[in-house]
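Q: Residue numbers for the sequence shown follow numbering that gives the first Met the number 0, beginning at 0 and rising by one. Built from N, CA and C at the ideal position, the CB exists for glycine as well. Dumping the structure here so I can ask a few things about it.
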Amino acid sequence: MYNLVILASKPSDWTHDQFIEWWRGEHADMTYGLPGLCRWHHTEILEAMDDKHSAGWDGLSVLSFRSKEDLETALASEEWKKAVEHVGSTAVPGLWAKPIIDVELIVADSAAEDVYLGALEAVGFRLAIREPEWEEHRLLEGTDPRSNVHVFSRDAVEPRRACAFRDWLQSHPEDRAAYGEHKAALAERGFADVTSYNNAKAGLIYEIYERIFAADSQHHHDPQPRPL
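In structure tokens:
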């Protein structure tokens, strides 16, 4: 039996109960159509659970397949594409974006590449970046369509930050417009590498994150405004 374990946290503007209603409803319904799925379990993670690995997460799903081949088929299916977390600029309607789709894949341990890398390579993804110093991040690139799969461990902070950034831009048109204009202007400058491009975006991104964290009453935040 091959088990695919999925952990997720609620959007910043949802309550835990709202998220669980979606997790056991619409989310669960999306997974039932996965080819080869023979067993499933969708449950909630409660604050009362005294486990450091559960901190910050709200939902847990375990999807079971009889063979590795069945799991690889499911990961390559149209049904799976609808169930994976879509982040980045293409996940925000109305935001200027390059034609590259970014998704996040959460696994138990992103450093354990033997668990997931073969399945992704088998359906056309190529490992492009390995960053053990940044929460064991792995980046895989796809070509049809152009896409980036960001692999993180379940206790990583970055996936939750990326979803919070996406959710904020979806609901705050002024920041969405400012960020889109900034990205479009930078794209015209023709950076030699993606790192330089990302560094040039960082100032405005930092300012938006400050507003996101300050508005989240559920988490303590010590404001650190960017020097002018």
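Any contact between the region 160–171 and the region 90–99? By contact I mean 3 or more CB pairs, one from each, below 8 Å.
A: Short answer: they touch.
Q: Rank Ala75, Glu20, Pro131 and Glu43 by C-alpha distance to the C-alpha of serine 109 and give the top, closest one.
A: Translated into positions along the sequence shown, residue 109 becomes position 110. Closest by alpha carbon: Pro131.
Q: Count Cβ pairs between the region 27–45 and the region 61–74 that sit closer than 8 Å; are there 3 or more?
A: Because the criterion of three Cβ pairs below 8 Å is met, the region 27–45 and the region 61–74 touch.
Q: Given a cut-off of 8 Å on the beta-carbon distance, is the pair isoleucine 204 and aspartate 174 in contact?
A: Here the question's residue 204 lines up with position 205 in the sequence shown. Here the question's residue 174 lines up with position 175 in the sequence shown. Not a contact, by the Cβ cut-off of 8 Å.
Q: By a C-beta neighbour count over all protein chains shown, 10 Å radius and 16 as the cutoff for buried, is alanine 200 buried or exposed?
A: Mapped onto the sequence shown, residue 200 falls at position 201. The amino acid occupying residue 200 in the given sequence is lysine; alanine does not appear at that position. With fewer than 16 Cβ atoms within 10 Å of its Cβ, lysine 200 is classed as exposed.
Q: Verify whether the separation of the beta carbon atoms of serine 146 and valine 102 is less than 8 Å.
A: Numbered from its first residue, the sequence shown carries residue 146 at position 147. Numbered from its first residue, the sequence shown carries residue 102 at position 103. Yes, they are a contact pair.
Q: Could you check whether serine 66 and tyrosine 115 sit closer than 8 Å to each other, using their CB atoms as the reference points?
A: Locating residue 115 in the sequence shown gives position 116, counting from the first residue. Locating residue 66 in the sequence shown gives position 67, counting from the first residue. Result no, Cβ atoms of tyrosine 115 and serine 66 do not sit closer than 8 Å.
Q: Measuring straight from C-alpha to C-alpha, what distance separates lysine 182 and phenylalanine 124?
A: As a first step, residue 182 must be located in the sequence shown, where it is residue number 183. As a first step, residue 124 must be located in the sequence shown, where it is residue number 125. C-alpha separation (whole angstroms): 26 Å.
Q: If I measure Cβ to Cβ from isoleucine 105 and keep anything under 7 Å in the same chain, skipping five residues before and after, which residues do I get?
A: Here residue 105 is taken as the residue at index 106 of the sequence shown, counted from 1. So the list reads Ile5, Leu6, Phe151, Arg153 and Pro158, once near-sequence residues are dropped.
Q: Enumerate in chain order the residues of its own chain whose CB-to-CB distance from phenylalanine 190 is below 6 Å, with the five nearest sequence positions on each side excluded.
A: As a first step, residue 190 is located in the sequence shown; it is residue number 191 there, counting from the start. Excluding sequence neighbours, phenylalanine 190 sits near Tyr196.
Q: From Glu134, Glu120 and Phe64, pick the residue whose C-alpha is nearest to that of leucine 3; which is it?
A: Here residue 3 corresponds to residue number 4 of the sequence shown, with the count starting at 1. Of the listed residues, the one whose Cα sits closest to leucine 3 is Phe64.
Q: Looking at the strands, I want to know which residues DSSP matches up with serine 60.
A: Within the sequence shown, the letter at position 61 stands for residue 60. Serine 60 pairs with Ile5 and His41.
Q: On a Cα-Cα basis, can you pick out the residue from Leu59, Trp133, Trp21 and Val122 that is closest to alanine 155?
A: The residue you call residue 155 lines up with position 156 of the sequence shown. Answer by Cα proximity: Trp133.
Q: In the DSSP output, which residue or residues are listed as bridge partners for asparagine 147?
A: As a working mapping, residue 147 is identified with position 148 in the sequence shown. According to DSSP, asparagine 147 bridges with Asp101 and Glu140.
Q: Measure the alpha-carbon distance for valine 148 versus lysine 97 and round it to whole angstroms.
A: Taking the sequence shown and counting its residues from 1, the one referred to as residue 148 is at position 149. Taking the sequence shown and counting its residues from 1, the one referred to as residue 97 is at position 98. One C-alpha to the other measures close to 15 Å.
Q: Once DSSP output is grouped into helix, strand and coil, what is the label at alanine 107?
A: As a first step, residue 107 is located in the sequence shown; it is residue number 108 there, counting from the start. The answer is coil: DSSP assigns alanine 107 none of H, G, I, E or B.
Q: Compute the Euclidean distance between the alpha carbons of isoleucine 99 and glutamate 187, then round it to the nearest angstrom.
A: By one-based count along the sequence shown, residue 99 stands at place 100. By one-based count along the sequence shown, residue 187 stands at place 188. Answer to the nearest angstrom: the Cα atoms are 17 Å apart.
Q: By the three-class DSSP mapping on this structure, what secondary structure does valine 122 have?
A: Residue numbering aside, residue 122 sits at position 123 when the sequence shown is read from its first letter. The answer is coil: DSSP assigns valine 122 none of H, G, I, E or B.
Q: Return the Cβ separation of leucine 59 and isoleucine 44 in integer angstroms, given the expectation that the two are a contact with Cβ distance under 8 Å.
A: Along the sequence shown, read from residue 1 onward, the residue named residue 59 stands at position 60. Along the sequence shown, read from residue 1 onward, the residue named residue 44 stands at position 45. Yes, they are in contact, since the Cβ atoms of leucine 59 and isoleucine 44 sit about 6 Å apart, within 8 Å.
Q: What are the boundary residues of the alpha helix (DSSP H) that includes valine 193?
A: Your numbering for residue 193 matches position 194 in the sequence shown. Unbroken alpha helix (DSSP H) run through valine 193: 193–214.
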